[in-house]
Amino acid sequence: MGFDAKDLLTYLCYSIFFVPVFSFLFVIGILKGATFSPLVFMVIAFGDAGVAVGLWPLHLFWSTFSVARTKKFGPYMKCLLILLVPVQTVLYIVVGTFASMIMGVGYGFIWPVMETFRAISKEGVPFCTRVENCFTEGTWSCVLGACTIVRDFADFSFHSYFSVVEELLESKGEEPIELKVLILPGCFLSATLGILVDLIVIPAIVLYKAPILLFKGWYRLIQDLFGREGPFLETVCVPFAGFWILLWPIVVVLGIFVGVLSSVGFGCYAAVVAYQENSTKRGLLYVIASASVFDEYTNDLLYLREGSCFPRPRYRERMDSNSSMLPIQGLWDQFDAIYPSEPLMRTPSEKDKTLKAAMILDSFFTACKDIGKELLRDGAMQISDLEEWRHSKNKIVNIGIPAYAFLECFIYSIRSGSRGFSLRDNVEITSVNRPEGRVFDWLYEPMCIMKEQIRSLNLNETEERYFLKLCLYSGDTTRIDSWQNGGIPPEDPIKRAQLEGISRRLQGICLTLSRLPTSRRRFFEVVKAIEDEGKKNFGDLGSRHDTEAA
475 MGFDAKDLLT YLCYSIFFVP VFSFLFVIGI LKGATFSPLV FMVIAFGDAG
525 VAVGLWPLHL FWSTFSVART KKFGPYMKCL LILLVPVQTV LYIVVGTFAS
575 MIMGVGYGFI WPVMETFRAI SKEGVPFCTR VENCFTEGTW SCVLGACTIV
625 RDFADFSFHS YFSVVEELLE SKGEEPIELK VLILPGCFLS ATLGILVDLI
675 VIPAIVLYKA PILLFKGWYR LIQDLFGREG PFLETVCVPF AGFWILLWPI
725 VVVLGIFVGV LSSVGFGCYA AVVAYQENST KRGLLYVIAS ASVFDEYTND
775 LLYLREGSCF PRPRYRERMD SNSSMLPIQG LWDQFDAIYP SEPLMRTPSE
825 KDKTLKAAMI LDSFFTACKD IGKELLRDGA MQISDLEEWR HSKNKIVNIG
875 IPAYAFLECF IYSIRSGSRG FSLRDNVEIT SVNRPEGRVF DWLYEPMCIM
925 KEQIRSLNLN ETEERYFLKL CLYSGDTTRI DSWQNGGIPP EDPIKRAQLE
975 GISRRLQGIC LTLSRLPTSR RRFFEVVKAI EDEGKKNFGD LGSRHDTEAA
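Quick note on numbering: the sequence shown equals residues 475 to 1024 in the working numbering.
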């Protein structure tokens, strides 16, 4: 096979022009960042700090009141938590303000540069327009993004906080968590010895494995560069990922620093083990085993062989067991029997088809909008429900509709024989093309288990409709009975209890998702879309409903 001189010339020309073009665009991005970063920094830093300081009296009073009123804790535990509330609220202000300052500086500089490269790399846009966008993108949009960050932080500090506290106040029927006073001296002894031992052993492990982290990191980054994976997946991120390769030694130094600091946490965890096991001996056994635990964790992080040369005595008397509707082993045997050909690892071609997290989130909230409109037309919800949600008096928007959407996705995926989950827009999420990341790791496995549990119940259509009502109204029997969608509860009480258990787990996941930053802002968009649908189809529905209620 001959060598094409034309391709070589094209490649050389591209290489020659890349450096000056890249430098020119980088300078433009830096100038935009230098111009707007002070304003962005002030918006984020002072905005978030103002929210944290302004809500501090409320957090202090309501946290103390909630701990005193809840039935989740015993008297000694309440006294300890009440004493710690001022410390926790002050730490929230300090950490929040410091993190906001870092975010303000980083977002103010990095976002304009990224927008500059993104503007020039857009396809289907005239060249002159792309050049013009290089000077305009990432300017005032960066300031608006900073305002959005402050809004999300305010929603998280206010609404998510009250959601957690409300759950704490509503907890009942459980045995109160009491402070074990007699084991505290043993916990103190275990923590002290743990810190003394881990301050010597863990830094030694970190320093021993630092060169491995350095060279393995370089190898992985260069491999990702050629395979267009990881930080090199997006074209606009390639220049920054190149800097990432050059700055990797600094990351390794920071990793060493974090590893040394983690020795204190590993040592203090001996007190947690002693307290949970109600045994000083168990805490001391963890002190011996902590080096092995850290060594195995770093081996997994660096893809080294399993195991450790350090001793690891058993420091737990019993292992935690997660109860479910079906035995986990039998459940996954069924799952493997249904989908035996699903690969365990992704090939390069499959990695190219990996779905983006933003696309899945957009599809989820679009499904919530569509479902909300359908429920409004069917009379399953009213405009008053949306108003009550705005004042945190109704959970149908942030829990009911998402749970309904998830369950509808499960049912449709089971009927279609999907290996994963089929969304409303005909996009299928599987273990192969799902996005990588902790959030999706946390969501995907429980969702698969719930889906297989629903499959094993063999629900008919009337039972599916009842299940949808159960998830939508969070078990509110009055509203479940009032909406006649053809749903009939199962006659078997065990089967009905299983449906209630799955619905509670699904609603718990939706409640956790609703507390995450950006969630309330996205649900406001869902509410606005539902309200617009109500005005378009029913005209003065809201005013007529208010008149009837009066």
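Cβ coordinates follow ideal geometry from the N, Cα and C atoms, glycine included.
Give the range of the alpha helix (DSSP H) segment to which residue i is assigned.
i           : result
residue 575 : 549-594
residue 862 : 857-864
residue 739 : 722-751
residue 941 : 935-946
residue 636 : 635-644
residue 953 : 951-956
residue 772 : 754-775
residue 630 : No alpha helix (DSSP H) holds residue 630; DSSP gives it neither H nor E.
residue 835 : 831-852
residue 886 : 875-890
residue 603 : 601-610
residue 984 : 967-988
So is the beta-carbon of residue i under 7 angstroms away from any non-hydrogen atom of the ligand FMN?
i           : result
residue 791 : With respect to the ligand FMN, the structure offers nothing, as it holds no ligand at all.
My guess is that residue i and residue j are in contact by the Cβ rule of under 8 angstroms, so how many angstroms apart are they, rounded?
i            : j           : result
residue 757  : residue 883 : So it is not a contact: roughly 45 angstroms between Cβ atoms.
residue 983  : residue 920 : 7 angstroms
residue 761  : residue 673 : That belief does not hold up - the Cβ atoms of residue 761 and residue 673 are roughly 12 angstroms apart, past 8 angstroms.
residue 629  : residue 994 : 4 angstroms
residue 643  : residue 540 : 6 angstroms
residue 741  : residue 722 : Residue 741 to residue 722, Cβ: 29 angstroms. No contact.
residue 898  : residue 841 : 5 angstroms
residue 870  : residue 946 : 7 angstroms
residue 511  : residue 587 : Actually they do not touch by this definition, with Cβ atoms about 11 angstroms apart.
residue 981  : residue 875 : The pair is not a contact, with the Cβ atoms about 11 angstroms apart (cut-off 8 angstroms).
residue 1094 : residue 514 : Since the displayed the chain opens at 475 and closes at 1024, residue 1094 lies outside it and no answer follows.
Give me, in chain order, the residues of the same chain whose beta-carbon lies closer than 7 angstroms to that of residue i; leave out the 5 immediate sequence neighbours on both sides.
i            : result
residue 536  : 639
residue 551  : 651, 652, 653
residue 1026 : In the structure as shown, the chain starts at 475 and stops at 1024, and residue 1026 therefore has no counterpart that could be examined.
residue 1011 : 851
residue 517  : 617, 620, 621, 624
residue 810  : Model confidence at residue 810 stands at a pLDDT of 46, short of 50, so the residue's coordinates are unreliable and nothing is read from them.
residue 787  : 759, 762, 763
residue 545  : 645, 646, 650
residue 868  : 859, 862
residue 499  : 590, 591, 594, 608
residue 530  : 563, 567
Spell out the partners DSSP gives residue i in its beta bridges.
i           : result
residue 896 : 902
residue 651 : 547
Give me, in chain order, the residues of the same chain whose beta-carbon lies closer than 6 angstroms to that of residue i; leave out the 5 immediate sequence neighbours on both sides.
i           : result
residue 569 : none
residue 752 : 657
residue 895 : 883, 887, 903
residue 807 : In this predicted model, residue 807 has a pLDDT of only 47, less than 50, meaning its place in the structure is not dependable enough to derive any value.
residue 519 : 574, 575, 578
residue 819 : Residue placement at residue 819 is flagged as unreliable, the pLDDT there being 45, under the threshold of 50; the coordinate-derived value follows with that caveat. Taken in chain order, the list of residues that qualify is empty.
residue 695 : 719
residue 970 : 963, 964
residue 728 : none
By Cβ distance, which residues of its chain are closer than 8 angstroms to residue i, with the 5 residues on each side in sequence left out?
i           : result
residue 944 : 954, 973, 974, 977
residue 669 : 737, 738, 741, 742
residue 599 : 607
residue 801 : Caution applies to residue 801, whose pLDDT of 42 falls short of 50 and renders its modelled position unreliable; the model cannot decide the point.
Does the CB of residue i have a neighbour CB from chain C at under 8 angstroms?
i           : result
residue 838 : No chain C is present in this structure, which holds just one protein chain.
**OP:** State whether the stretch 613-620 contacts the stretch 634-644, with contact taken as three or more CB pairs (one from each stretch) at a distance under 8 angstroms.
**Re:** Touching, no.
Original post:
Does the stretch 654-661 come close enough to the stretch 730-742 to have 3 or more Cβ pairs within less than 8 angstroms?
Top reply: Verdict: no, contact absent.
**OP:** Indicate whether the contact test is met: 3 or more Cβ pairs, each with one atom in the stretch 589-598 and one in the stretch 489-503, closer than 8 angstroms.
**Re:** yes
**OP:** Decide yes or no for the touch test of the stretch 961-969 against the stretch 931-948: beta carbon pairs closer than 8 angstroms, at least 3 of them.
**Re:** yes
**OP:** Give a yes or no on contact between the stretch 503-521 and the stretch 556-568, applying the rule of three or more CB pairs nearer than 8 angstroms.
**Re:** no
Original post:
Is there contact here, the stretch 897-904 with the stretch 998-1005, by at least three beta-carbon pairs under 8 angstroms?
Top reply: Contact annotation: the stretch 897-904 does not touch the stretch 998-1005, with fewer than three C-beta pairs closer than 8 angstroms.
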